[in-house]
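Report on the following structure.
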Amino acid sequence: MTADNSSVNSLGAPNPGNPTKPDPDLPLAGMRIIDFTVVFAGPYGTMQLADWGAEIIRVESTTHFASTTRGMLARPALATVQAQTNMGMGMPDSEPGERPWNRSAVFNAHGRNKLSMTVNLRTEEGQEALERLVAVSDALVENNLPQSMERQGITWERLSEINPKLIMIRMPAFGLDGPYKSYRSWGNHMEAISGHPLIRTYPDLSPEYAPAGVPSDAASGIGATLAFLMGKRYLKRTGKGLLIEAPTAENFVPLLGDFVMDYSMNGRVWTQMGNNHFYLAPHNVYRTQGEDQWVTIACRNEEQWQALCERMRHPELVNDPRFKDNESRFENRAELDVIISAWTAEKHASWIMEQLQLVGVPSGAVINERDATEDRHLEHRGFFTRVTHPEAGTHKALMTPFKSMNNPGVGPRRHSPRLGEDNEYIYKSVLGYSDEEYAEFDKKGHIGMDYDPSIP
Amino acid sequence: MSMASQQQGERQDAAVLPFSGLRVIDLTWHVAGPFGTRRLADWGADVIKIERPGVGDPGRDIPPFYEDQPGLERSGLFMYTNLGKRSMTLDLKSERGRQIVLDLVKDADVLVESFRPRVMPSLGLDYETLRAVNPRLIMTSISNYGQTGPYRDWEATEITSYAMGGAMINTGHPEREPLNFGGRVAAYQVGAVAAAATSIHLLSVEASGEGDHLDVGALPVWMGAIDRRQSYLMGYQYGGGNSTRPWPAGAIGSGTWICQDGYFMTTAGPAMFPRFMQMVGMGDLLQTPEWSTPMARSAPERLDESLAVIVPWMLERTKKEIRAECQEFGVLGGPINSFEDLHNDEQLQHTQFFQEIDHPTTGPIAYPGYHVKLHFVDGSGLPARKRAPLLGEHTDEILRDVLGRDEAEIAGLRSEGVV
Numbered sequence: 021m022t023a024d025n026s027s028v029n030s031l032g033a034p035n036p037g038n039p040t041k042p043d044p045d046l047p048l049a050g051m052r053i054i055d056f057t058v059v060f061a062g063p064y065g066t067m068q069l070a071d072w073g074a075e076i077i078r079v080e081s082t083t084h085f086a087s088t089t090r091g092m093l094a095r096p097a098l099a100t101v102q103a104q105t106n107m108g109m110g111m112p113d114s115e116p117g118e119r120p121w122n123r124s125a126v127f128n129a130h131g132r133n134k135l136s137m138t139v140n141l142r143t144e145e146g147q148e149a150l151e152r153l154v155a156v157s158d159a160l161v162e163n164n165l166p167q168s169m170e171r172q173g174i175t176w177e178r179l180s181e182i183n184p185k186l187i188m189i190r191m192p193a194f195g196l197d198g199p200y201k202s203y204r205s206w207g208n209h210m211e212a213i214s215g216h217p218l219i220r221t222y223p224d225l226s227p228e229y230a231p232a233g234v235p236s237d238a239a240s241g242i243g244a245t246l247a248f249l250m251g252k253r254y255l256k257r258t259g260k261g262l263l264i265e266a267p268t269a270e271n272f273v274p275l276l277g278d279f280v281m282d283y284s285m286n287g288r289v290w291t292q293m294g295n296n297h298f299y300l301a302p303h304n305v306y307r308t309q310g311e312d313q314w315v316t317i318a319c320r321n322e323e324q325w326q327a328l329c330e331r332m333r334h335p336e337l338v339n340d341p342r343f344k345d346n347e348s349r350f351e352n353r354a355e356l357d358v359i360i361s362a363w364t365a366e367k368h369a370s371w372i373m374e375q376l377q378l379v380g381v382p383s384g385a386v387i388n389e390r391d392a393t394e395d396r397h398l399e400h401r402g403f404f405t406r407v408t409h410p411e412a413g414t415h416k417a418l419m420t421p422f423k424s425m426n427n428p429g430v431g432p433r434r435h436s437p438r439l440g441e442d443n444e445y446i447y448k449s450v451l452g453y454s455d456e457e458y459a460e461f462d463k464k465g466h467i468g469m470d471y472d473p474s475i476p
Numbered sequence: 021m022s023m024a025s026q027q028q029g030e031r032q033d034a035a036v037l038p039f040s041g042l043r044v045i046d047l048t049w050h051v052a053g054p055f056g057t058r059r060l061a062d063w064g065a066d067v068i069k070i071e072r073p074g075v076g077d078p079g080r081d082i083p084p085f086y087e088d089q090p091g092l093e094r095s096g097l098f099m100y101t102n103l104g105k106r107s108m109t110l111d112l113k114s115e116r117g118r119q120i121v122l123d124l125v126k127d128a129d130v131l132v133e134s135f136r137p138r139v140m141p142s143l144g145l146d147y148e149t150l151r152a153v154n155p156r157l158i159m160t161s162i163s164n165y166g167q168t169g170p171y172r173d174w175e176a177t178e179i180t181s182y183a184m185g186g187a188m189i190n191t192g193h194p195e196r197e198p199l200n201f202g203g204r205v206a207a208y209q210v211g212a213v214a215a216a217a218t219s220i221h222l223l224s225v226e227a228s229g230e231g232d233h234l235d236v237g238a239l240p241v242w243m244g245a246i247d248r249r250q251s252y253l254m255g256y257q258y259g260g261g262n263s264t265r266p267w268p269a270g271a272i273g274s275g276t277w278i279c280q281d282g283y284f285m286t287t288a289g290p291a292m293f294p295r296f297m298q299m300v301g302m303g304d305l306l307q308t309p310e311w312s313t314p315m316a317r318s319a320p321e322r323l324d325e326s327l328a329v330i331v332p333w334m335l336e337r338t339k340k341e342i343r344a345e346c347q348e349f350g351v352l353g354g355p356i357n358s359f360e361d362l363h364n365d366e367q368l369q370h371t372q373f374f375q376e377i378d379h380p381t382t383g384p385i386a387y388p389g390y391h392v393k394l395h396f397v398d399g400s401g402l403p404a405r406k407r408a409p410l411l412g413e414h415t416d417e418i419l420r421d422v423l424g425r426d427e428a429e430i431a432g433l434r435s436e437g438v439v
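Going down the list, the protein sequences come from chains A and B. Heads up, the numbering used here is the position in the first sequence plus 20, with the first residue counted as 1. Heads up, the numbering used here is the position in the second sequence plus 20, with the first residue counted as 1.
Here it is in structure tokens:
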């Protein structure tokens, strides 16, 4: 591998045996990335790299189950699985199956195009296998509690000595260093600290009702994707590898940049905005016909406001002093919302959206999963494809979020890997172990497609 | 040398930055596009921002304004999303303006635009035209719905797009209306995706010499890349039905609690549940049949019993005390902070996350820092960050140094209103 030939991995050739068969024309074809990511933020970042052709090797273990990565529990009771409503955590037909860890919706969504190996890093031979993998890889990505990586011997000092061209991306919640280094957190807790739930919650309820969404997860994933490409370019420029620290908090706060700026410039502290805009009105979600059906409507200028009034058959509102300009509408937005709600209440959400878009007013139905799957725009753009998983069946799955003209139709090439599914390819073709050595790894319990029976 | 840079060691020369040597022609306005090209500028790219003569990027008119007074050089949003770029004014509708864009494209690596899909072709600047000038160009087009499809020309704001693309229906209380994202998080994410998409495809240009046209539409980005929407869609495919707005937000021990000095959020999924129970002093109950399994615990009486213990436990403690307990027991949690709390956060202070940047309007003020930290082997720090450009601040410099125009030509362009 030469410093300036970034599309060829350390073995000197694109990986011919990669079971996910990336098209050699994909931008990242030939790159190999070691993946120690868990839950969602890290896996979402490596998913982008996998989609665009990199060989992603998930390093897993049959003796350790990282909760919420391949499901909440390795062996959930049937009743627990049946009680689980969607929220991304379900399993096909609410059946745990023989190996529930291969049937988790969240894992099978972001695991596509990746490989899985199992190894026990608490052994000498396990560490030796890791060293071999580091020597033939372009990067390592992880998003664990910092000290848990360090306990397993995964440190920049050691890995960069094995492979001085390695790019290591570490995604702690708060930092590899500092008072919160060992602070346990998911995206929602990190967001709580970053100030997001407090600004988005209901203006009239206690912050106990603050929502626990996690936009930071996908945002951190994308930030890590960019970090990998930054590392590649740094390597090309200098011939050196690089440790890139990507704390999810520091990746997410920039997405709240204008709030930080308002505090810095004016000392203003925004709070409990709900669906209010900073200054626009109307700007809200309105109840429509049917159960839990809603539509959003927002006007950015006078033309849109006038078009909305005409479409609602209330042209007189345009000259109503309460609503004569945006400032007045914002001041009187509660009254305005009552009028709009009266118009939307007995109509269908997508009908309202289509009618308002026709006259140039921003409007979007608040859609659920079924609506999304049937959306005509996404359908037209080929946003969905189908993937067959050996233990989960055939289902619709998403293509990449953005499109390339040269490589149209990039998306899942292979199902998300079953635990240990690619052991043989990785141990033999990637790490160069002989059949006898592989058998020895198997005998010592490294190789497997089932978690140890002691894991609940 | 300031204290900060001493702690970080010598500052690196800008030439070592990952995107150093990369030239980006920036035809983006408002929020998403400028944030995306700024990520490239952050890491060393020379980003040439093209603005309308006299009025500039409409982002200059978006609040917050310094001291709440509007003005072309007073928007905090603009200052933040355009750090480190150069600004030149150009009338894109004039033939000479168009020619200047083509001249810039000749030696550029990337062009990013965020107009409506019809605009670039109507300006005579469609991808085929740009490719004819520079076959290695990556053109990244950012739009609300993507370059194709029936909604292509529809209107959008953050709330309407989040409704159509994100997990809004799942956010909030079941008896109340669904909730939007905070502020402009969704638009920033589109920009972040555009930066990642562009950088991925720069690698294929190096290998093949062929440029590309990338289509980054907010709706597909939100659908595929916001708030775990992707997993919800998979869950639906698996027969899990439509997601709802659940309350309480999760299992026992999950939620936001009133504490002595504010609010605190905890999560206790099945694997971590015993740790939470031990923390609040209910650990002994885990041995009893009523509490031993996740199924047994799902009875409504268990929730009530837990609240009777958890609510007073939280009320007796401060945010800081609860965090210490979470730390000790390995429980997931975090305080509900305001932006003032964020500003004073001890971790962000420790990592020197906020950066003081000077600007003629504001003087030095704190900005959010970079999205990642580069650990250079020699311990050196990043070069000092440059403020956002004033409108047209670099017009002459770019015409002269990048395009080789002489003073007379520049004066001519100016008098005709092209720049």
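C-beta: ideal position from N, C-alpha, C; glycine also.
With respect to the 8 angstroms criterion, Gly354 of chain B and His130 of chain A are not classified as neighbours on the basis of their beta carbons.
Within the model, the alpha-carbon separation for Thr143 of chain A versus Arg152 of chain A is close to 14 angstroms. Per DSSP, Arg132 of chain A has no beta-bridge partner at all. At least one C-beta of chain B is nearer than 8 angstroms to the C-beta of Trp72 of chain A. Rounded to the nearest angstrom, the Cβ distance from Phe85 of chain A to Ile475 of chain A is 5 angstroms, consistent with a contact under 8 angstroms. A Cβ of chain A is located within less than 8 angstroms of the beta carbon of Val351 of chain B. For Tyr64 of chain A, the three-state secondary structure derived from DSSP is helix. Assignment of beta-bridge partners to Cys279 of chain B by DSSP yields B:Gly282. In the DSSP assignment, His303 of chain A falls within the beta strand (DSSP E) that extends over His303 to Arg307.
Taking a Cβ-Cβ cut-off of 9 angstroms, the neighbours of Trp277 of chain B in chain A comprise Glu228, given in sequence order. An exposed status is given to Asp45 of chain A, since fewer than 16 other beta-carbon atoms sit within 10 Å of its beta-carbon. Within the DSSP bridge table, the entry for Gln375 of chain B names B:Tyr387 as partners. In terms of Cα proximity to Thr105 of chain A, the closest of B:Ile179, B:Gly261 and B:Asp365 is B:Gly261.
Put simply, the stretch 417 to 428 of chain A touches the stretch 387 to 405 of chain A. At least three CB pairs are less than 8 angstroms apart. For the beta strand (DSSP E) assignment, the uninterrupted runs of no fewer than 3 residues enclosed by the stretch 74 to 112 of chain B are, from N- to C-terminal side, 106 to 109. Taken through DSSP and simplified to helix, strand or coil, Met111 of chain A comes out as coil. If you check each beta-carbon in the stretch 323 to 342 of chain B against every beta-carbon of chain A, none falls closer than 9 angstroms. Apart from sequence neighbours up to five positions away, the residues of its chain that approach Asn154 of chain B with a beta-carbon distance below 6 angstroms are Val125 and Lys126, ordered along the chain.
DSSP places Pro332 of chain B in no beta strand (DSSP E) but in the uninterrupted alpha helix (DSSP H) bounded by Pro320 to Leu335. Residue environment for Ala431 of chain B: exposed (fewer than 16 other C-beta atoms within 10 angstroms of its C-beta). In the DSSP assignment, Ile342 of chain B falls outside any beta strand (DSSP E) and lies within the alpha helix (DSSP H) extending over Lys339 to Phe349. In the structure shown, the three-state DSSP call for His415 of chain A is strand. Trp314 of chain A is bridged by DSSP to A:Arg307. Per the coordinates, the alpha-carbon of Thr371 of chain B lies some 47 angstroms from the alpha-carbon of Pro170 of chain B. Straight through space, the alpha carbons of Val51 of chain B and Trp290 of chain A are spaced by roughly 19 angstroms.
Proximity of Asp247 of chain B to chain A, defined by a Cβ-Cβ separation below 8 angstroms, is satisfied. In this structure, Ala318 of chain A sits near Pro302 of chain A, with a CB-CB distance shorter than 8 angstroms.
Within 7 angstroms of the CB of Gly289 of chain B, the CB atoms of chain A belong to Ser87, Thr88 and Met92, in sequence order along the chain.
Assignment of Leu328 of chain A by DSSP, reduced to helix, strand and coil, places it in the helix class. Arg438 of chain A places its beta carbon 8 angstroms or farther from that of Asn140 of chain A. At least 8 angstroms separates the beta-carbon of Arg333 of chain A from that of Leu376 of chain A. In chain B, no part has a C-beta under 8 angstroms from the C-beta of Val430 of chain A; the shortest such distance is about 10 angstroms.
Assigned with DSSP and collapsed to three states, Thr57 of chain A falls in coil, not helix or strand. The three-state secondary structure of Phe404 of chain A, taken from DSSP, is strand. In the DSSP secondary-structure assignment, Gly384 of chain A is bridged to A:Thr316.
In terms of Cβ geometry, Tyr222 of chain A and Gln292 of chain A form a close pair [threshold 8 angstroms].
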